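These notes are about the structure you will find just below.
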Amino acid sequence: EDKVVQSPLSLVVHEGDTVTLNCSYEVTNFRSLLWYKQEKKAPTFLFMLTSSGIEKKSGRLSSILDKKELFSILNITATQTGDSAIYLCAVDSGYGANNLFFGTGTRLTVIP
Amino acid sequence: EPEVTQTPSHQVTQMGQEVILRCVPISNHLYFYWYRQILGQKVEFLVSFYNNEISEKSEIFDDQFSVERPDGSNFTLKIRSTKLEDSAMYFCASSENLDYYNEQFFGPGTRLTVL
Chain Z
8 EDKVVQSPLS
18 LVVHEGDTVT
28 LNCSYEVTNF
38 RSLLWYKQEK
48 KAPTFLFMLT
58 SSGIEKKSGR
68 LSSILDKKEL
78 FSILNITATQ
88 TGDSAIYLCA
98 VDSGYGANNL
108 FFGTGTRLTV
118 IP
Chain F
407 EPEVTQTPSH
417 QVTQMGQEVI
427 LRCVPISNHL
437 YFYWYRQILG
447 QKVEFLVSFY
457 NNEISEKSEI
467 FDDQFSVERP
477 DGSNFTLKIR
487 STKLEDSAMY
497 FCASSENLDY
507 YNEQFFGPGT
517 RLTVL
């Protein structure tokens, strides 16, 4: 059975801290791994990772994939209260029309 | 910036009633999806749709569910006879699918409450 596991389940940090969120996966077929940020409602797209070892970066956020060890990390540096959200990891297992298999998410709370 | 839109934002219905959730995907996108998220649980794939037919569906998507693209812009999810356990947030997503890898853009969701 395909599985995506995120850790920690929740995290509370102070503004300015750096956080690392983890996502490990076991799928029968892998095409890509995606990170989303979910605040109040819709997940919003952050990154798509397809190749091992290539870091994707957007401002204070960065992410990298390890296809050998089957995991990805999402780093957020100099956290701000606006970073408080649930961060979702999803794997596109490549069957048919790329349906995504989501992890349960990591709830990040950044306190001033 | 183009975005996926969904209506209504919140729907309350009685058990056994039919509901139709509506989505307008991003206009040049070709693949459409429905996901649901029961409160406190993870986002789950329901169905994907391409070229006017279902591409793939999960085991959640049983005979009480159906999808349709009634015109060039709308994409709908119908639940024929709602059950209490259908209460969830339903997200529509679309993707461009120009190549092998493409990200899915999500709408704001419809919160369905079945009483």
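So the sequence lines, in the order shown, correspond to chains Z and F.
Here the first sequence stands for residues 8 to 119, where the numbers follow our numbering.
Here the second sequence stands for residues 407 to 521, where the numbers follow our numbering.
Quick reminder that beta carbons are idealized off the backbone N, C-alpha and C, glycines included.
What you are looking at is a predicted structure, and each value in this text was computed from that prediction instead of being measured.
- Within the same chain, Cβ atoms closer than 6 angstroms to the Cβ of F:Lys-463 are found at Val-453, the five residues on either side in sequence being excluded.
- Identification of residues in the segment 409-420 of chain F having a C-beta nearer than 7 angstroms to some C-beta of chain Z yields an empty set.
- Nearest CB-CB separation between F:Ser-454 and chain Z: below the 7 angstroms threshold.
- In this structure, DSSP gives Z:Asp-99 an extended state, which the three-state scheme calls strand.
- The Cβ atoms of F:Ser-487 and F:Gly-422 sit closer than 7 angstroms to each other.
- When C-alpha distances from Z:Thr-35 are compared across Z:Thr-113, Z:Asp-99 and Z:Gly-110, the shortest belongs to Z:Asp-99.
- Around the beta carbon of F:His-435, 16 or more other beta carbons lie within 10 angstroms, which makes this residue buried.
- Against F:Pro-514, the close residues of chain Z are Lys-47, Lys-48 and Ala-49, in the order they occur along the chain (beta-carbon pairs closer than 9 angstroms).
- Straight-line spacing of the CA atoms in Z:Val-20 and Z:Val-26 works out to 8 angstroms.
- Counting only runs of at least 3 residues, the segment 428-462 of chain F fully encloses the following beta strand (DSSP E) elements, listed from N- to C-terminal order: 437-443 and 449-456.
- The beta carbon of F:Phe-451 sits closer than 7 angstroms to some beta carbon of chain Z.
- For F:Asp-469, the secondary structure class from DSSP, reduced to helix, strand or coil, is coil.
- Contact between the segment 8-22 of chain Z and the segment 55-65 of chain Z is absent: fewer than 3 CB-CB pairs across the two stretches fall below 8 angstroms.
- Taking a Cβ-Cβ threshold of 9 angstroms, the residues of chain F close to Z:Phe-109 are Tyr-441, Gln-443, Lys-448, Val-449, Glu-450 and Phe-451, in chain order.
- Legend: CB atoms of the segment 462-495 of chain F lying less than 8 angstroms from CB atoms of chain Z belong to residues Glu-462, Ser-464 and Met-495.
- By the rule that beta-carbons nearer than 7 angstroms mark a contact, F:Glu-509 touches chain Z.
- By the Cβ test, the segment 481-501 of chain F is not in contact with the segment 72-92 of chain Z, since fewer than three Cβ pairs between them sit closer than 8 angstroms.
- Between the alpha carbons of Z:Leu-53 and F:Thr-419 lies a gap of roughly 34 angstroms.
- Residues of chain F whose Cβ lies closer than 9 angstroms to the Cβ of Z:Gly-112 are, in chain order, Lys-448 and Val-449.
- Under the three-state reduction of DSSP, Z:Thr-113 is assigned to strand.
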